[in-house]
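A.B. asks: Numbering of the sequence shown is given in this note's numbering, commencing with residue 9 and proceeding in unit increments.
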Amino acid sequence: MNKIPLISDRFFKDYPSGRDFATWLGNIYTGELPRIVIKQKNPSYDDVIDAFNEAGLLVTYSSGTGGRHTFIPRDKRTFLASEYALAKSLITMMYPLWSYDSYGYIMMPDPKVNYIYAGKVTEITYDAVKHVEAAINKRVTTKLISMAMTGGGGLKAKLVRYAVYRESKKMIDRIISWLEEREKAGDKIFLLGAPYLIHFVIERLKEEGRRFNFGENGGVATGGGWKIHESKRLPVTEFMKEVEEYLGIPNKYCLDIYGMVEGNGWMVHCPEGHYLHVPYTYYKPLVLDEEFQPVGYGETGRFAFLDAAAFSYPGFIITGDQVKLLERCPVCDRPGPVLEPEVKRVKGEDIRGCAEEVRRMLSADLGR
Numbered sequence: 009m010n011k012i013p014l015i016s017d018r019f020f021k022d023y024p025s026g027r028d029f030a031t032w033l034g035n036i037y038t039g040e041l042p043r044i045v046i047k048q049k050n051p052s053y054d055d056v057i058d059a060f061n062e063a064g065l066l067v068t069y070s071s072g073t074g075g076r077h078t079f080i081p082r083d084k085r086t087f088l089a090s091e092y093a094l095a096k097s098l099i100t101m102m103y104p105l106w107s108y109d110s111y112g113y114i115m116m117p118d119p120k121v122n123y124i125y126a127g128k129v130t131e132i133t134y135d136a137v138k139h140v141e142a143a144i145n146k147r148v149t150t151k152l153i154s155m156a157m158t159g160g161g162g163l164k165a166k167l168v169r170y171a172v173y174r175e176s177k178k179m180i181d182r183i184i185s186w187l188e189e190r191e192k193a194g195d196k197i198f199l200l201g202a203p204y205l206i207h208f209v210i211e212r213l214k215e216e217g218r219r220f221n222f223g224e225n226g227g228v229a230t231g232g233g234w235k236i237h238e239s240k241r242l243p244v245t246e247f248m249k250e251v252e253e254y255l256g257i258p259n260k261y262c263l264d265i266y267g268m269v270e271g272n273g274w275m276v277h278c279p280e281g282h283y284l285h286v287p288y289t290y291y292k293p294l295v296l297d298e299e300f301q302p303v304g305y306g307e308t309g310r311f312a313f314l315d316a317a318a319f320s321y322p323g324f325i326i327t328g329d330q331v332k333l334l335e336r337c338p339v340c341d342r343p344g345p346v347l348e349p350e351v352k353r354v355k356g357e358d359i360r361g362c363a364e365e366v367r368r369m370l371s372a373d374l375g376r
């Protein structure tokens with residue numbers, strides 16, 4: 009394993025702007041590029057993304073507190089494999105809860121019109137669940153995300169953030185109304201996406217002295233980041249207690265998903281012990297020490313991986329996440345390695361994640 013050339017996830021943040029950005033994306037792409045037409049003389053990142061995607065590719069992105077996006081160009085084969093892997097990993101972990109004739113709420117920007125990766129990859133929800141709604145139905149651009157992550161942009165940026173902040177209040181109302189309707193009708197529900205958004209719904213329920221009781225008729229799948237305020241990170245165990253107390257959903261059906269924009273492997277909590285199970289048939293996990301050398305099971309270090317599902321870009325990547333890798337789950341009998349339940353960032357690395365982007369955007373106000 010020492011001879012495998014791993015690249016840093018920062019590689020995907022080192023790009024120019026304008027038409028040079030399109031050239032950069034094309035150079036990363038490892039397949040045969042289709043004909044891509046960019047009409048603008050000085051295109052924005054979103055203009056370039058749209059041009060690539062109109063040509064049949066799927067360029068998605070994530071960001072961090074530094075404001076630099078991570079862009080990944082996927083061909084349809086890679087993207088569909090990633091979607092399928094996510095759905096299969098989650099549905100099998102939630103078995104026998106899943107049913108197609110149920111109701112889902114995507115707690116992220118609508119994947120049909122957005123390219124934030126943790127949101128876009130949930131587009132398969134529309135195939136796996138009969139009735140689906142999304143928390144944010146409008147297009148969220150890279151420019152808006154940058155304003156949210158950096159706090160920059162002057163008066164215009166503040167006005168945009170304030171408008172989004174006002175809309176977020178209405179969004180919480182819509183989600184609670186949806187929960188009321190589903191509980192009254194006895195429907196099976198799934199909440200998928202950003203944990204902070206579910207947390208904000210629960211905070212509103214606390215304020216109003218209300219509770220729901222979906223019991224084993226509901227499931228929660230979270231992903232994208234665990235910050236709920238600038239200085240506060242919500243522990244997974246505390247979140248599960250909140251979900252059970254205020255939504256009535258048992259913690260065996262409250263599972264977190266660990267993945268990243270650079271990869272196509274989805275590590276999902278097992279319901280028995282909430283360890284993150286690695287899809288080892290196509291995704292090789294590694295843990296590196298401070299010298300970037302592989303260490304054994306049971307050691308804590310920087311997460312890296314070899315991704316056999318990445319057909320259109322380099323899939324041998326070092327991340328900025330700190331993990332502990334175990335050879336087997338100490339609680340359940342599923343085969344393969346696992347990560348300990350919570351993943352943290354290596355000291356000095358940007359806080360990142362698609363949920364963090366949207367959290368900042370929705371919790372911004374004029375005082376920022």
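Think of the CB as a built atom: it goes at the ideal place given N, C-alpha and C, for glycine as much as any other residue.
Whole-angstrom Cβ separation of valine 244 and proline 349, contact assumed at under 8 Å?
C.D. replies: To locate residue 244, count along the sequence shown from 1; it is residue 236. To locate residue 349, count along the sequence shown from 1; it is residue 341. Confirmed, about 6 Å.
A.B. asks: Distance, Cα to Cα, glycine 375 vs isoleucine 184?
C.D. replies: Your numbering for residue 375 matches position 367 in the sequence shown. Your numbering for residue 184 matches position 176 in the sequence shown. Its pLDDT being 33, under 50, glycine 375 is placed unreliably by the model, and nothing is read from it.
A.B. asks: Can the beta-carbon of proline 117 be found closer than 8 Å to that of glutamate 131?
C.D. replies: For this step, residue 117 is matched to residue 109 along the sequence shown. For this step, residue 131 is matched to residue 123 along the sequence shown. Their beta carbons are not under 8 Å apart, which means proline 117 does not touch glutamate 131 by this criterion.
A.B. asks: Pick out the complete alpha helix (DSSP H) segments inside the stretch 173 to 213, 4 residues or longer, and give them in chain order.
C.D. replies: Qualifying alpha helix (DSSP H) stretches: none in this window.
A.B. asks: What distance in whole Å lies between the Cβ atoms of serine 110 and phenylalanine 222, which are believed to be in contact at a cut-off of 8 Å?
C.D. replies: Locating residue 222 in the sequence shown gives position 214, where the first residue counts as 1. Locating residue 110 in the sequence shown gives position 102, where the first residue counts as 1. Rounded, the Cβ-Cβ distance is 11 Å, inconsistent with contact.
A.B. asks: So, is tyrosine 266 buried or exposed, given that buried needs 16 or more other C-beta atoms within 10 angstroms?
C.D. replies: As a position in the sequence shown, residue 266 is number 258, starting the count at 1. Classification for tyrosine 266: buried.
A.B. asks: Starting from the C-beta of glycine 323, find all residues in its chain whose C-beta is less than 6 Å away, skip the five residues before and the five after it, and write them out in chain order.
C.D. replies: Here residue 323 refers to the residue found at position 315 of the sequence shown. Within the same chain, glycine 323 has close Cβ partners Asp315.
A.B. asks: I'd like the span of the alpha helix (DSSP H) that includes isoleucine 57, first residue to last.
C.D. replies: Counting from 1 along the sequence shown, the entry for residue 57 is found at position 49. 53 to 62 is the extent of the alpha helix (DSSP H) around isoleucine 57.
A.B. asks: Of the choices Val45, Asn145, Ala317, Val269, whose alpha-carbon is the least far from that of proline 292?
C.D. replies: On the sequence shown, position 284 is the one that residue 292 refers to. One detail in the question is off: residue 292 reads as lysine in this sequence, not proline. Of the listed residues, the one whose Cα sits closest to lysine 292 is Ala317.
A.B. asks: Output the distance between the C-alpha atoms of glutamate 270 and aspartate 17, rounded to the nearest integer angstrom.
C.D. replies: Counting from one through the sequence shown, the residue named residue 270 turns up at place 262. Counting from one through the sequence shown, the residue named residue 17 turns up at place 9. Going from the Cα of glutamate 270 to the Cα of aspartate 17 covers about 7 Å.
A.B. asks: According to DSSP, is leucine 163 helix, strand or coil?
C.D. replies: In the sequence shown, the residue the question calls residue 163 occupies position 155. Low confidence applies to leucine 163: its pLDDT is 47, below 50, so where it sits in the model is not reliable, and the reading given next is rough at best. Correct three-state label for leucine 163: helix.
A.B. asks: Between which two residues does the beta strand (DSSP E) holding phenylalanine 324 run?
C.D. replies: The residue given as residue 324 occupies position 316 in the sequence shown. That run of the beta strand (DSSP E) goes 324 to 334.
A.B. asks: State yes or no: is the C-beta of alanine 93 nearer than 7 Å to some heavy atom of the ligand MN?
C.D. replies: Here there are no bound small molecules, and the ligand MN is not part of this structure.
A.B. asks: Out of Gly281, Ile99, Ser25, state which residue places its alpha-carbon closest to the alpha-carbon of arginine 76.
C.D. replies: Counting from one through the sequence shown, the residue named residue 76 turns up at place 68. Comparing Cα-Cα distances from arginine 76 to each of Gly281, Ile99, Ser25, the minimum goes to Ser25.
A.B. asks: When burial is assigned at 16 or more other CB atoms within 10 Å of the CB, is arginine 85 buried or exposed?
C.D. replies: Here residue 85 is taken as the residue at index 77 of the sequence shown, counted from 1. Counting Cβ neighbours within 10 Å, arginine 85 comes out exposed, since fewer than 16 surround it.
A.B. asks: If you follow the alpha helix (DSSP H) that aspartate 135 is in, where does it begin and where does it stop?
C.D. replies: Within the sequence shown, the letter at position 127 stands for residue 135. It spans 133 to 136 - the alpha helix (DSSP H) in which aspartate 135 sits, taken as one unbroken run.
A.B. asks: On the CB-based measure, 16 or more other CB atoms within 10 Å of its CB, does serine 154 come out buried or exposed?
C.D. replies: Counting from one through the sequence shown, the residue named residue 154 turns up at place 146. That one is buried.
A.B. asks: Is glutamate 280 closer than 8 Å to valine 339 when the C-beta atoms are compared?
C.D. replies: The count along the sequence shown starts at 1 and reaches residue 339 at position 331. The count along the sequence shown starts at 1 and reaches residue 280 at position 272. Yes, the Cβ-Cβ distance between valine 339 and glutamate 280 is below 8 Å.
A.B. asks: Are aspartate 54 and threonine 150 closer than 8 Å when you measure CB to CB?
C.D. replies: In the sequence shown, counting from the first residue as 1, residue 54 sits at position 46. In the sequence shown, counting from the first residue as 1, residue 150 sits at position 142. In this structure, threonine 150 lies closer than 8 Å to aspartate 54 by Cβ.
A.B. asks: Am I right that isoleucine 114 and alanine 136 are in contact with their C-beta atoms under 8 Å? What's the rounded C-beta distance?
C.D. replies: For this step, residue 114 is matched to residue 106 along the sequence shown. For this step, residue 136 is matched to residue 128 along the sequence shown. Not quite, the Cβ-Cβ distance comes to about 11 Å (not below 8 Å), so this is no contact.
A.B. asks: Could you have a look at tyrosine 290 and say whether DSSP puts it in helix, strand or coil?
C.D. replies: Within the sequence shown, residue 290 is the residue found at index 282, counting from 1. Note: tyrosine 290 maps to coil in three-state DSSP.
A.B. asks: Is DSSP giving aspartate 28 helix, strand or coil here?
C.D. replies: The sequence position of residue 28 within the sequence shown is 20, counting from 1. Correct three-state label for aspartate 28: helix.
A.B. asks: Across the stretch 56 to 63 and the stretch 95 to 108, are there enough close Cβ pairs to call them in contact, namely three or more that are closer than 8 Å?
C.D. replies: Touching, no.
A.B. asks: Could you tell me if isoleucine 206 is buried or exposed, where buried requires 16 or more neighbouring beta carbons within 10 angstroms of its beta carbon?
C.D. replies: Numbered from 1 along the sequence shown, position 198 holds the residue referred to as residue 206. Buried.
A.B. asks: Taking the beta strand (DSSP E) that tyrosine 2 belongs to, which residues open and close that run?
C.D. replies: Nothing can be reported for residue 2, as the shown portion of the chain is limited to 9 through 376.
A.B. asks: On the CB-based measure, 16 or more other CB atoms within 10 Å of its CB, does proline 343 come out buried or exposed?
C.D. replies: Within the sequence shown, residue 343 is the residue found at index 335, counting from 1. Exposed is the call here.
A.B. asks: What number of angstroms, rounded off, separates the C-alpha of phenylalanine 220 from the C-alpha of lysine 146?
C.D. replies: Walking along the sequence shown from the start, residue 220 turns up at place 212. Walking along the sequence shown from the start, residue 146 turns up at place 138. When rounded, the distance between both Cα atoms is 28 Å.
A.B. asks: How is methionine 102 classed by DSSP in three states: helix, strand or coil?
C.D. replies: Residue numbering aside, residue 102 sits at position 94 when the sequence shown is read from its first letter. Methionine 102: helix per DSSP, three-state reduction.
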